[in-house]
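As structure tokens, the structure follows; a few thoughts come after it.
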Amino acid sequence: MSVARSGKPRALTNSFYSADVVAVGRTAALTAVPDLPSDNALPRWLRDVAGLTVEDAGRRWRLAIDLDSPLDVLLLGWPLRTDVPTAAVQARLERLRTVASDPSAELVVAGRTSATTLRWLERRTASRTRALVEERGLRAIGTAAQARPPRSILGLLLDDRGPAALGAILAELGDAAIVDTRVLLAHRLGASERAWPPAEDRFASDLLLPDLISDPWLHDLTAAALEAPIPVLLGGHTLVGPGIRLALRNPR
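When you read off a place in the sequence shown, starting at 1, and then add 3, the result is the number in the working numbering.
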């Protein structure tokens, strides 16, 4: 509220790359806001176009949690409908916590994770972390022309070996994996969600339910995660960001 009342050319957001709440000190800047692709693009527009100083309250990690998927609800410990199968995810959460408490094990985190999350993993887990940090700000794209389309190292491997190879690839890299599939979808289909499989397919993938997925590529990717020799969780930004704390829940 102090920022909003300040009258100064500054703004405060819960997350620069995935904004849900933005306080703006000089509201006159908002009269020129264009039709942005999503609310996530507003902080970048305020900084790059309107010239405001934009601060990120990222240290308050709870403010960065998005409920974009049924998996995010599960991570908070809230129940889903009784007819929604969650056993596969619950089993992998338990196995992930075991891996994270093992000093000889390695946890793979792939996608839009952050330095804050990696610092938390370093302090609060016994396992080592292998991080593939890719396409942060993906959903904030839209305020300026991009020089290149979204690209992912893991996505390039899947281009070569196919989505059914996901489990085998991740098993070569670590003992458990947490993967942001939205980066993989953007690599394959572009940044716009309009080109992606429908939300119900993405949500079924997050719950490791390949039989409910109509898109062939996402079906094969999800089946590979389900059948992987290591525990694999699939999800979005929350899973590889603040949701990691909820998924691992004090593993030491």
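Glycine included, each C-beta is placed from N, C-alpha and C at the ideal position.
Keep in mind it's a predicted model, so treat the numbers as computed, not measured.
Per-residue DSSP class, three states only, for residue i
i: A60; result: coil
i: V76; result: helix
i: R151; result: coil
i: T225; result: helix
i: T16; result: strand
i: V182; result: strand
i: L110; result: strand
i: R139; result: coil
i: T30; result: helix
i: A174; result: helix
i: T85; result: coil
Residue j beta carbon less than 8 Å from that of residue i
i: S117; j: R100; result: no
i: G244; j: T120; result: yes
i: V235; j: R95; result: yes
i: A226; j: L237; result: no
i: A129; j: A103; result: yes
i: P72; j: F206; result: Looking at the sequence shown, residue 72 is not Pro but Ser. Result yes, Cβ atoms of S72 and F206 sit closer than 8 Å.
i: A60; j: T16; result: yes
i: L210; j: L70; result: no
i: I181; j: V87; result: no
i: L39; j: A14; result: no
i: L161; j: L173; result: no
i: A31; j: L49; result: no
Identity of the residue in the options nearest residue i by Cα
i: L159; options: A189, A134, T132 and R131; result: A189
i: R252; options: V24, L83 and R127; result: R127
i: E137; options: L157, H222, L124 and D23; result: L157
i: E109; options: R131, K11 and F19; result: R131
i: P200; options: V36, W220, L39 and R122; result: W220
i: E58; options: D105, T85, V92 and A7; result: A7
i: I233; options: R47, L176, S107 and H222; result: L176
i: P166; options: A32, T85, R197 and A231; result: A231
Cα-Cα separation between residue i and residue j, rounded to whole angstroms
i: D204; j: S217; result: 7 Å
i: G193; j: P213; result: 22 Å
i: R248; j: V76; result: 14 Å
i: W81; j: H240; result: 19 Å
i: S208; j: T34; result: 40 Å
i: A171; j: L224; result: 11 Å
i: V25; j: L83; result: 30 Å
i: Y20; j: L78; result: 21 Å
i: G10; j: R122; result: 34 Å
i: P152; j: A250; result: 31 Å
i: L242; j: T184; result: 10 Å
i: G246; j: V36; result: 31 Å
i: E97; j: P12; result: 47 Å
i: L45; j: A22; result: 8 Å
Residue environment, residue i, which counts as buried when at least 16 other CB atoms sit within 10 Å
i: G114; result: buried
i: T89; result: buried
i: S5; result: exposed
i: S18; result: buried
i: D51; result: exposed
i: D163; result: exposed
i: S195; result: exposed
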